[in-house]
Every structure is written in structure tokens, then in C-alpha cells.
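One structure is given below, encoded as C-alpha cells.
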Amino acid sequence: MRPLPVEPPAFFHRGPSPLGRLAFFGLISIALLVADTRFRYLENVRQAAAIVLYPLQRVVQMPGEALSYVGTYFSSQRAFADDNAALKRLLAEQGPAVQGFAHLQQDNARLKALLAVRERYDAAATAVEVLYAGRDPFAQKLFVDKGSDAGIVPGEAVIDADGVVGQVTRVFPFMAEVTLVSDKDHAVPVKVVRTGARSVLYGAGAGRAPELRFTAPNADIEVGDVLVTSGIDGTYPPGLAVAQVATLERDTGQMFARITARPLAGVDRSMHLLVLGPAAALPPRPDEPAEVETAKRGGRGKSRRTG
221 MRPLPVEPPA FFHRGPSPLG RLAFFGLISI ALLVADTRFR YLENVRQAAA
271 IVLYPLQRVV QMPGEALSYV GTYFSSQRAF ADDNAALKRL LAEQGPAVQG
321 FAHLQQDNAR LKALLAVRER YDAAATAVEV LYAGRDPFAQ KLFVDKGSDA
371 GIVPGEAVID ADGVVGQVTR VFPFMAEVTL VSDKDHAVPV KVVRTGARSV
421 LYGAGAGRAP ELRFTAPNAD IEVGDVLVTS GIDGTYPPGL AVAQVATLER
471 DTGQMFARIT ARPLAGVDRS MHLLVLGPAA ALPPRPDEPA EVETAKRGGR
521 GKSRRTG
């Protein structure tokens, strides 16, 4: 069997040996490095190569940049969705407090005004809070959270920071009933601030404005006049704001003018009220002369019979 030749055929001739080629190209590389470092001969070649290869670099980088952009987009969308959900939860949690803030501010302002009114009457005023309105749709009544246990008695005036609300009509151990000035069975003696003319303001019932009844057509009253308590009934202290004249009809064919008024107090919105005790009103009325004389005669008769 003939042995295989060690040398490659002429067709596969490899030229210089690998070690020779390594030495040759190594020397060329070192020479180019030294020349570029010392004399900057390859700077222009480098810039030209960078310009030629830049489009290829961008093409190669585009897929990675596109994937990075898509990943960033979806991650940012998820982050935005999470933040939005967190903000919605926070808004839902703080919603009741935010919605009640304006109401608390209004209540605070009303309480400050009510406190200023209370200082005028000192110990004669009892602060109460409205529990609920009466169930009868034809009666204008409220129920407050204090009754006979707090010294409240029927007939006492009830006011808020803006004026007269009504009058205590029934008292229970721990609550009291207040009839509003708009109730059809309620009347308040008033006078016009501008002229001092006295009259009586009658409630007209649910959905209707109180009226100044039995007022002459030529009475000196105008729309916008403020009505305050006259104090002649001994229940309401004088000078409390009650209502403002809203409409005025002077019909010469009628005996009395038709005058309606708008209550100034929060009869349908105030939650904190003051009940004015007897000390805030006028002193009690003296006995009538006839009653005094009858009492004297009765006393004499008893003394004679005793003798």
C-alpha cells in the first residue's frame, strides 16, 4: 500500500508559513500604530470609515432600539395605569372628607355667629341641635336634642345666628318640639325697622311665604323692609330679625294689603339653634286692674268670714 504524501498538492499551496505571516502582519500593525500615534496619518481614514459604516451601524442598532422603545412604552403604560388606579383609590378615600369640607366651613361660620348671639343673652340661652323635622307635611316643626332635663319649657323663643326660627311648643324629657315661624298656626309680633310700624307676621304653611295680615293698604311698608320682633308679646325679645318684605299688593278694593315676607333665619337649613329662656324676654305682664280688684274683694270676703 502506497503511503500518503505529507506535502499538500500544488492546488492547495498555502504560501508562507503561518508563523511568518503572523510576524509580518504583526510588524505592519505595530508600524501603523506608531505612525498613527505620532503623526495622525490614519485620522482621515478613520473618519471616512466612520461615515461609510454609520448607516450600517444604525441598521444594526435599530432592532435593539425598537425593542427597547416597545418595552419602555409598555412599562410606562403599566406604571401610568398603576398610578392612575392609586390616585383613584386615594380620591375615593378622601372624597367624603373633601365633599364635607365646604359644609364644615359653613357650620363653623354659623356656630361662630351663633356664639356671638349667645353672648348677648348670657345664661338665658341654651344651645340645641336639630334632630329631625316633623313627619306631618302640613305642619312646620322641628325636634331638637334637649328638653326638660336642660330646663327648656314651652313658649320659649328659638333663634339662630340670622334671626327667629320659631317657638318651643312641646317639651319632652330629652327633646323638644319647635314650631317654625312659617307654620300656619304661628304668629310673631313684628315692627318695620325703617318706620317702626307694628304688625303681626303669620305663617302660611308648607310651601308658602309668611304674611303680614290686617295691614292697611296705605301703611308705610315697602318691598325690602326688614321686620324685627317688637317684643310686645313677652315671648320674643325685641329687635330680633324675623323676615324681609318680599311682595306687596295694594288693592284699593280690599280692606287690607297683601304682604308676604321671606324669613331671614334658616328655618329649613340651620342645624344649631338657641333657645332663649324667660330671662331673655320682657318681664311678665302685670295683672289686669279687674283681676286685682277681684282678688282684693275675694281677700276681704275671706277675712270677714274668718272673723
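All residue numbers for the sequence shown refer to my numbering, where the first residue is 221 and numbers rise by one. By construction, the Cβ of each residue, glycine as well, lies at the ideal position given by its N, Cα and C atoms.
Item: Can you grab the Cα-Cα spacing for the pair Arg298 / Arg278, in whole Å?; Value: 29 Å
Item: With the cut-off set at 8 Å, would you say Asp380 and Gly486 are in Cβ contact?; Value: yes
Item: Using the Cβ count rule (16 or more neighbours within 10 Å means buried), how would you classify Gly284?; Value: exposed
Item: In angstroms with no decimal places, state the Cα-to-Cα distance between Arg241 and Val254.; Value: 20 Å
Item: Nearest CA to the CA of Ala370: which residue from Ser419, Val391, Pro483, Thr480?; Value: Val391
Item: Any contact between the region 399-406 and the region 440-448? By contact I mean 3 or more CB pairs, one from each, below 8 Å.; Value: no
Item: Please confirm if the region 473-490 is in contact with the region 419-435, defined as three or more CB-CB distances below 8 Å between the two stretches.; Value: yes
Item: Terminal residues of the continuous beta strand (DSSP E) containing Leu496?; Value: 492-496
Item: Closer than 6 Å by C-beta to Tyr456: which residues in its own chain qualify, once you throw out the five before and the five after it? Chain order, please.; Value: Ala377, Thr449
Item: Can you say whether Ser419 is buried or exposed, counting buried as having 16 or more other CB atoms within 10 angstroms of its CB?; Value: buried
Item: Of the residues Leu239, Val495, Thr292, which one's Cα is nearest the Cα of Asp368?; Value: Looking at the sequence provided, one finds Ser at residue 368 rather than Asp. It is Val495 whose Cα lies nearest to the Cα of Ser368.
Item: Go ahead and label Ser402 buried or exposed: buried means 16 or more other beta carbons lie within 10 angstroms of its beta carbon, across all protein chains shown.; Value: buried
Item: Return yes when the Cβ of Glu397 is within less than 8 Å of the Cβ of Lys361, no when it is not.; Value: yes
Item: Going along the chain, which residues of its own chain have a beta-carbon closer than 7 Å to the beta-carbon of Leu239, five neighbours each way excluded?; Value: none
Item: Judging by CA-CA distance, which residue of Leu447, Thr467, Ala477 is the nearest neighbour of Pro437?; Value: Ala477
Item: Rounded C-beta distance between Val462 and Gly383? I'm assuming under 8 Å.; Value: 6 Å
Item: From which residue to which residue does the beta strand (DSSP E) around Ser419 run?; Value: 418-422
Item: Spell out the partners DSSP gives Lys411 in its beta bridges.; Value: Arg418, Val448
Item: Looking at the unbroken beta strand (DSSP E) that takes in Ile479, where does it start and where does it end?; Value: 478-483
Item: Report the rounded CA-to-CA distance for Val413 versus Asp356, giving the unit in angstroms.; Value: 34 Å
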